[in-house]
Amino acid sequence: MTDKDQLPALKAGNKTQFSILVRDHHHALVALAIPIVGFSEAEEVVQIAWIKAYKAIASFEGKSKIRTWLSRIVINEAKMQLRARKKETLFSDLAGDGSDSDALADRFTQTGHWATPPATWHYDSPEALLMSDDLAQCLDRILTAMPNNQRAILEMRDSSELPFGEICNNLSISASNARVLLHRARAHLFKLVDHYQETGEC
Amino acid sequence: MLKCREVVDEADQFLSDDLPRHRQWRFRFHLLICKHCSRYVHQFQALKDATSFMHRKASDEEISRIMDSIDD
Ligand SMILES: [Zn+2]
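Going down the list, the protein sequences come from chains A and B. Under the numbering used here, residues 12 to 213 are what the first sequence spells out, in order. Under the numbering used here, residues 107 to 178 are what the second sequence spells out, in order.
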């Protein structure tokens, strides 16, 4: 079901419809909150955000995707939590030392040609690409191991679909820094999926 | 000539229509002559589109916990 189909019932306060929203987006929102407030606080932040979202949904105009709108509420709530705990910056390890190299670097020759070209992937739809249970477990592992700053940008950009400029503002980092981090995060994912597509394992 | 390595680095900007015109042209030309990079860019786009689906759906328990807190 698309956002547009859901909206009238949601705006009317329909709880069954709202629970579908929770089903579809809760894990994404928790994943978004984890790099900001930490693992132990993320669930609580998102729970409060859901309560606020339910109260505010009547005024949602549908100009962005629902996931994007929910994400903004979660990020605001997370920032408030940080302020309450008197933490100045969002991400303690945000600066990063850049030591984490590009996951695809070893796929190229010194002259910049493919040494190991990408495998041909088989999938029927974007959903199907990441759907298998095996792959989901690998994904979990790789996301958990990813540096906080990369993870935050990946969630904000590719899952929450926030505009790039807004992400840079949220994280107080430059666009070029954000691009590097996003590129590294996606390179990790690409390598994982590529390997899985070729070998059936990760 | 653009190198394959540079195609991978610029793929995101290319797909978000963020490359200056002359570099966009170099990029397109490379894709025409290089099947590896053309496959890479295609699959990279698919992966970007898939990322919003990478999170599993919430369990019935999780849903009821949230819905209960809304009812309070
Ligand atoms: Zn190439």
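We put the beta carbon where it would ideally sit given N, CA and C, even for glycine. Quantities reported herein were computed from a predicted structural model and do not represent experimental measurements.
Check, Outcome
"Where W132/A sits in the DSSP three-state scheme", "coil"
"Residue interval of the alpha helix (DSSP H) (run including C143/B)", "141 to 157"
"Residue range of the alpha helix (DSSP H) that includes W80/A", "77 to 95"
"Per-residue DSSP class, three states only, for F119/A", "strand"
"Ligand 1 heavy atom lying under 8 Å from the CB of V204/A", "no"
"Status (buried if at least 16 other CB within 10 Å, exposed otherwise) for M160/B", "buried"
"Residues of the segment 128 to 162 of chain B whose Cβ lies closer than 7 Å to any Cβ of chain A, in chain order", "H142, R145, Y146, Q149, F150, A152, L153, K154, D155, A156, T157, S158, F159, M160, H161, R162"
"Nonlocal neighbours in the same chain, by C-beta distance under 6 Å from H133/A, ignoring five residues either side", "none"
"Run of the alpha helix (DSSP H) containing G176/A, from where it starts to where it stops", "175 to 182"
"Endpoints, the alpha helix (DSSP H) within which P158/A is located", "Taken as a continuous stretch (DSSP letters only), P158/A belongs to no alpha helix (DSSP H), as it is neither H nor E."
"E112/B at chain A interface by Cβ criterion, 9 Å", "yes"
"CB-CB length for L137/B against L140/A, believed under 8 Å", "Their Cβ separation, rounded to whole angstroms, is 21 Å, which puts L137/B and L140/A out of contact at 8 Å."
"Rounded separation between I164/A and I178/A - CA only", "7 Å"
"Closer than 8 Å at the beta carbon, the chain A residues around D118/B", "R190, L193, H194, R197"
"Contact test: I132/A Cβ vs ligand 1 heavy atom, cutoff 8 Å", "Checking the displayed sequence, the identity of residue 132/A turns out to be Trp instead of Ile. It does not: the Cβ of W132/A is nowhere closer than 8 Å to a heavy atom of ligand 1."
"Residue from E55/A, K22/A, L182/A with nearest C-alpha to Q161/A", "L182/A"
"The segment 141 to 155 of chain B in contact with the segment 112 to 128 of chain B per 3-pair CB rule at 8 Å", "yes"
"Alpha-carbon to alpha-carbon, R34/A and L21/A", "14 Å"
"Distance cut-off 8 Å: H142/B Cβ against heavy atoms of ligand 1", "yes"
"Whole-Å CB distance - H142/B paired with P128/A, under 8 Å assumed", "4 Å"
"Any chain C beta carbon closer than 9 Å to E168/B", "In the displayed structure, chain C is absent; the protein chains listed are A and B."
"Best match in D155/B, E168/B, K163/B for proximity to E54/A [C-alpha to C-alpha]", "E168/B"
"Assigned secondary structure, D108/A (DSSP; H/G/I helix, E/B strand, else coil)", "Because the pLDDT at D108/A is just 46, under 50, the model does not fix this residue reliably, and the value given afterwards should be weighed accordingly. DSSP places D108/A in coil when its eight states are reduced to three."
"Burial state of I84/A, where buried means 16 or more other Cβ atoms lie within 10 Å", "buried"
"Cα-Cα separation, P126/B to L154/A", "32 Å"
"Contact test: W125/A Cβ vs ligand 1 heavy atom, cutoff 8 Å", "yes"
"Minimum Cβ-Cβ distance from D115/B to chain A less than 9 Å", "yes"
"W132/A at chain B interface by Cβ criterion, 9 Å", "yes"
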